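Heads up: the sequence lines are chains Y and G, in that order.
So the first sequence is residues 1 to 503, counted in full-length UniProt numbering.
So the second sequence is residues 1 to 593, counted in full-length UniProt numbering.
All C-beta atoms in this analysis are idealised placements derived from N, C-alpha and C, irrespective of residue type, glycine included.
Computed from a predicted model, the values in this text were never measured in an experiment.
To start, the structure under review is shown below, and the notes come after it.
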Amino acid sequence: MAEEAVLGYLEKNEEISDSGKFAEEKGINHDEIVNIIKSLNGFRLVDAQDIKKERWVLTSEGDLYAKYGSPEVQLFSAVPPEGITREELQRVFTSRLPDDLEEKLKSSIYKIGSTQHSKKAIKNKWIEMGKSQVSRKVQHVDDKVRYLLIQIQNGEVVSSEDIDALKRRKLISSQIWKGYSVKKGPKYAPKRKKVATDLTRENLQRGDWKELEFKEYNFLAKGQPTEGGCLHPLLKVRRQIQMIFLQMGFEEMPTNNFVESSFWNFDALFQPQQHPARDSHDTFFLKEPSTTRRLPEDYVERVKRVHESGGYGSRGYGYEWKREEANKNLLRTHTTAVSSRMLYALAQGPFAPKRYYSIDRVFRNEAVDRTHLAEFHQIEGLICDRGLTLGHLIGVLHDFFSRLGMSKLKFKPAYNPYTEPSMEIFSYHEGLQKWVEIGNSGMFRPEMLLPMGLPEDVQVIAWGLSLERPTMILYGIDNIRDLFGHKVDLSLIKRNPICRLGL
Amino acid sequence: MPTVSVGRDRLFQALGRTYTEEEFEDLCFKFGIELDDVTTEKAIIRKERHLEEEEPSEDEEVIYKIEVPANRYDLLCLEGLAQALRIFNGLDPVPTYNVASINKESMLKMHVKAETAKVRPYVVCAVLRGITFDEVRYNSFIDLQDRLHQNICRRRTLVAIGTHDLDTIESPFTYEALPPPQINFVPLKQTKNFKADELMEFYKSDLKLKKYLHIIENSPVFPVIYDRNRTVLSLPPIINGAHSAISLKTKNVFIECTATDLTKANIVLNTMVTMFSVYCERKFEVEPVQVIYPDGKSYICPDLSLYLMAVPLSYITSAVGVPLPAHEVARLLNKMQLYAKHSVSEKSETSFTISVPPTRSDILHPCDVAEDVAIAYGYNEIPKIKFPSLKPQPLNQFSDLIRAEIAMVGYTEVLTWILCSYKENFTMLNREDDKSTAAINGNPRSADFEVVRTSLMPGILKTVGHNKDHPKPIKIFEVGDVVLLNETKDVGASNRRHLAALYCGATSGFELIHGLVDRIMEVTGVPFVSPGNNTGYYIQSSDEPEFLPGRQASIIYKGKEIGTFGIVHPQVLDNFDIPDPCSFVEVNIESFL
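Structure below.
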C-alpha cells in the first residue's frame, strides 16, 4: 500500500517534499513510508533526500503534568481557603491524584510541588508556608506550565523562553525527526518489478529466470561465513615438522608416557643428582606413584659407577650416587627421557644406525608468564651412528632449520650435562633484526652412551627445541597463553591459516 | 645459568683493550658466555625498588651482566673471566699454580673431630699469604664466595666457605661438632655473644641467613671451627665469627670449606685460591694446610696438581669433524687453558697428554677436551656435512593442505577426469574456443576424450548432473590440474593447479560460494582489501558467459585475477541436465605458492 502510494504519487507529481506530511495525508504510518522509500531508493526507482527537523516532545514527567496539571498548581488547589496543616496538606494532595499512580510517584510529585513553591510559587505569593500551617495568599492561579505542555503536545509554537524553562525542568526533550523528500529515480517505474536475491529452483522450473532482476550485490562486503571445524595452529605446525623429519629419514619415537623415573629422565643422561634441574623448583615430582618399581639393575649399576667414579675414560662426578634419588617418579622434563630409553633398547641388540624424532609434551615446575608454561611441547631429533662429527650436527641442523624457514644460523658453545660438545642454536630473525636462540644441540656424552652398551665408536648427535617458540615467531604471537591452553581465543584458531612449514 | 656482574671498564682494563658492545658480544659468543644485560649500579637499585626507569647519567659505572656456563666455576668472578678471555685471545700463557713448599711442622693444621661425621663430615683449608686487597678486589672476593654458595655449593648444603684474617687466629685449628648450647661466640656483624641455639632463633628473622638454618637445625650437634685459643672461626654453614673477620687490610687469609661432598669442597677451595692467588705476593702460590682426621689419616690441601688425560689426536679431530695437525690442536687447547703435549706411538698414532689445571674441574672426559678444541677453532668455522634427505614438491604439499581445509568446511571431494569432450569444455559452458587455450587430442577413441580440460567446471557439472537424486544441498570440490597452451614451454603446453567448488540446492547458494572464496583466502593467509590495493584480495564483478550476469565476479589477488565465481548460467545447467541452481568457483592455486 505504501509502495503504491509513493510510486503512484510520483507518477503524477514531481516530488514528495516531506514524507511526514505525505504519510499524514495518506493516513499511513510514517515508519512504513520511510522503509519503502529506503528500499525504492536502493533500487534507484526513486531519489530520496534526507530531511531532519528538531522538535520538542514531552518527557514522561511532562506527560503527567499535561494530564493532571503541574505539581505547584495542584499543591495550591490542595490548600483550602481556610488553610491547612502541613501533615494534612500532603494527605489531601495525594488523595486528589488519580488512584492508578504509584504511591512513590505521588509522594515525589508532592515533593516537587512543595519545592516549586519554596522556589517560585511563594515568591509569587500563592500560598503562605508557616511552621505548621499552610494558607492561600491568592484565590486563583493559572496553570501556565500545563498549558504550555499541551501546546507543545499539539505541535503549536511556543516562545523560546518558555521552551528553556520547560527544558530546565526536564519536562520536554528535543527529538530529531527524520524524513525524506522524494523524486523519481533513474529506474523509476509506476510499479516495481519483483527483484531477486538468488536464483531458485522455481525460477528454473518456471523458466522466468530470464526476466529476473537481481538486487545489486555488494562485492565490497564478504560472503556468508563458512561453517566447519578447524585444527589447532600448534598441531598444524607439529604436523608440518613431522613431515620434515620424515623427509629427512627420521623415525618417530613412542612418547606417550608422561610419568617417568628420575633414572631415565636424569641419571641415565649423566645428569648429577645435585644438579639444579633436579630441584623441586624445576621439576614436578610425583606423590603418587612416588617411586619407580623396576629398573634394569645391571645398567643401573653401570650408571651409578660412572656418576661416582667415572670409567669409560671419564673422571666421573666424585659423589655418592643414591638409588632413592633415581627411583623418584616425576613428570618428564624433556623427551630426552624417551631418547635414553630408546638408545638403551637399541644398545641391547646388534648395532644398527638410527634416526629418531619426537614432538610431545614435557613438564616444568615454572611460574606461568608470557613466555613460560608449566607444560609445553618439545621437538627432539637425534642420529645414532658411527663416525658422526660436529660437522654432521651442523649439517643436519642447517637442513632441518632451513626447512623451517631459518637458514641463517650460528652456534654458541654452551653447557649441558649430557652433551659434549654442546651448541646453542641461534637464528637471524629478519623481522626483529637480531639473532634469537632457537634451540640446543650437541653430541651425547660417552658417559651416557657407553654404560648403555652402545659400541665405543658410535656417536649420537641430537638437538631439541620447543614447538611453541617457532610457532610464536611464525605467527607473531608474543604471549604463549594466547597460543596454547584454555585462554586461547577460539577465533584465533578459526582464522589461523594453513601452516606452510617445510613446503 | 649463573650470571656474573662485572664493571665494564675494569673488565676492559683487565683485558688490555676496550670493546664496542657488539665486539664484546661477539667475543662472548665465540667463547661460550653471553652478555646478558648492560646496566648500572643505580639502575639495578632502581629496579629492585621498582622505581621509574631513568636515563643513566654519564658518570655511572656501566655493569656487564655475563651469563657463564654452569660448570665453569672459574668464570664466576672478574679475575677468572679476565684470565680466561686473555688466554683465549692469546695474551697470556696458561698459569701454573703452586702449593708453597713448607715443612710439615710449620704447616698450619686442622684437626677434625669424630662427631662432625654426624652433620658435616669434611673440611678442606688453604692460606693466601701476602694478599693485597683493595675495595674492588675485596668485593670480588666476597662476591665469588656468594656465587659459589649459590651454585656448586647448592645454597651451602654441599659446601660452605669461611674466610678469616689469619693474623687474628692461631693454628692448630679444630673442626668439631658440639651441642648448640655449648657453642658461644660473637657472630659476624654482631657485637654480643650468642649461644648457637640462640643464634639460630635470632637468625629466623634474618632475610639472608634464615634460608640456611634448615641445613643443621635438626642436628643434635652443630659444626664449629675453633683455633688453638678456642676462638670460634665459624659456625658453618651459617655464619663466621666476628673475631676473625677479614677487612681491606687483611694480609693473610685463611680459607676453610666444610662440606658434605668432598669433591665439591675441593673444587670450591681450588676456585677460591686459584682466582685470588693472583693478588698474592708470590703470584699463583698457595700455602697448604694439613687436615687430620680422627682415624689418623691426614691430607695436605689444596690439591692443585694437574690432572693428566691421554687423548688421541684422532679422537679430537673425528669429534670436531676437521682434520687438524697436532701442533694446531695443541695451540687451540692452550687458548682454553689446557696444556697439551703430543707424542707419536709405535703405530704412528699421535696422542696428547693433556694437563688439566685445577681451575678446569669441568673437564671430565676426552670429549670435554674435544669440545674445547672445537670452541677454540670456532663452531662457526666447522664445515657442515650434509646428510642425504628428501625435499617435497611444494605444490603437492600445498594442494593437500588446502584440500583438507575445504573438506573441513563441509565440501566433499570429487576426482574427475582430465579428458572431456570438446563440447563440454566449450559450447556447453557457453564458451567459445578462441584456439588459444586447449590442448586437443588427435585420436580420441570416443567423443568423451577429445580435449584436455582447461577448467575443472565440466567434470564437476557432470558429477552434479549424475547425482540429481542426491539430497540437497550438494557441496563438492576438486583440486586438480588443467592444461593450457603455453608458448614458453618446449612442448607448447603446461599444467596448472586449480581448485573448484560447487554448491547446488533450492537456491544457488551464491553467497555461500562467496563465503568459501573468503575462507580459501583466509586459510592461505591473504587479507581482504579494498579494490585497487595490491597487497591482498578483493572481488570485482565480471562478465563470463558460463555465469549468470549480475551474479558473478573475479577474484583479484595481488592485482592479478586468479579465479571467478558465480551462479552457473541456467543455460549451462540445462546443458548438463541439472535441474537445480548452482554456484561455482574456480581458482588457480599456483599463485599462492
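- Not a single C-beta of chain Y is nearer than 8 angstroms to the C-beta of G:S234.
- Here the alpha carbon of G:S171 sits roughly 19 angstroms from the alpha carbon of G:T116.
- Of all C-beta pairs linking the stretch 153-170 of chain G to the stretch 244-253 of chain G, three or more are shorter than 8 angstroms, placing the two stretches in contact.
- When only Cα atoms are considered, G:L324 and Y:H334 end up about 36 angstroms apart.
- When Cβ-Cβ separations below 8 angstroms define contact, Y:C230 makes contact with chain G.
- Rounded to whole angstroms, G:H365 and G:P237 show a C-alpha spacing of 32 angstroms.
- Proximity of the stretch 274-288 of chain Y to the stretch 325-332 of chain Y meets the contact definition, three or more beta-carbon pairs being nearer than 8 angstroms.
- Sorting G:I363, G:N588, G:V369 and G:S361 by C-alpha distance to the C-alpha of G:S351 places G:V369 at the top.
- Shown here, Y:K222 sits in coil according to DSSP, grouped into three states, outside any helix or strand.
- Boundaries for Y:S280: no alpha helix (DSSP H) harbours it, and the DSSP string shows neither H nor E there.
- Of all C-beta pairs linking the stretch 167-177 of chain Y to the stretch 51-58 of chain Y, three or more are shorter than 8 angstroms, placing the two stretches in contact.
- Here DSSP, grouped into helix, strand and coil, assigns Y:N329 to strand.
- A distance of 8 angstroms or more separates the beta carbons of Y:Y312 and Y:S339.
- C-alpha of Y:E15 to C-alpha of Y:K26: approximately 15 angstroms in a straight line.
- Secondary structure of Y:T335 (DSSP, three-state): coil.
- Judged by their CB atoms, Y:K183 and Y:D99 are not nearer to each other than the 8 angstroms cut-off.
- Burial is judged here by how many other beta carbons sit within 10 angstroms of a residue's own beta carbon; G:W417 has fewer than 16 and is exposed.
- Taking a contact as a CB-CB distance under 8 angstroms, the pair Y:I84 and Y:V92 counts as one, their CB atoms being some 7 angstroms apart.
- A direct Cα-Cα distance of roughly 6 angstroms separates Y:I112 from Y:P71.
- Between the alpha carbons of Y:R500 and Y:P233 lies a gap of roughly 11 angstroms.
- Apart from sequence neighbours up to five positions away, the residues of its chain that approach G:K335 with a beta-carbon distance below 7 angstroms are I87, F88, G90 and A376, ordered along the chain.
- Annotation for G:H164: the continuous beta strand (DSSP E) segment containing it runs V159 to D165.
- If you draw a 10 Å sphere on the C-beta of Y:H140, you find fewer than 16 other C-beta atoms in it, and that means exposed.
- As summarised for the stretch 150-218 of chain Y, the continuous alpha helix (DSSP H) elements at least 4 residues long and confined to that stretch are 160-168 and 201-206, given in chain order.
- Taken in chain order, the whole alpha helix (DSSP H) runs of length 4 or more contained in the stretch 163-243 of chain G are 196-203.
- Between G:G32 and chain Y, the shortest Cβ-Cβ separation is below 8 angstroms.
- The residues L485, in chain order, have a CB closer than 7 angstroms to that of G:S436 in the same chain once the five nearest residues on each side in sequence are set aside.
- For the stretch 229-249 of chain Y, the residues whose beta carbon sits under 8 angstroms from a beta carbon of chain G are, in order, G229, C230, L231, M243, Q247, M248 and G249.
- For the stretch 301-327 of chain Y, the set of residues with a beta-carbon nearer than 9 angstroms to any beta-carbon of chain G comprises G310, Y312, G313, S314, R315, G316, Y317, G318, Y319 and E320, in chain order.
- Between G:P358 and G:T274, the CB-CB gap stays under 8 angstroms.
- Contact between the stretch 497-505 of chain G and the stretch 468-487 of chain G is established, with three or more Cβ pairs separated by less than 8 angstroms.
- Excluding its 5 nearest sequence neighbours in each direction, G:L593 has C-beta neighbours in its own chain below 8 angstroms: P394, L395 and F398, listed in chain order.
- Secondary structure note for G:L484: its beta strand (DSSP E) is the uninterrupted segment I474 to L485.
- Across the set Y:Y65, Y:M1 and Y:E61, the C-alpha of Y:M1 shows the shortest separation from the C-alpha of Y:I36.
- A direct Cα-to-Cα measurement between G:V572 and G:M428 gives close to 6 angstroms.
- Y:R386 is not a Cβ neighbour of Y:Y418, given a cutoff of 8 angstroms.
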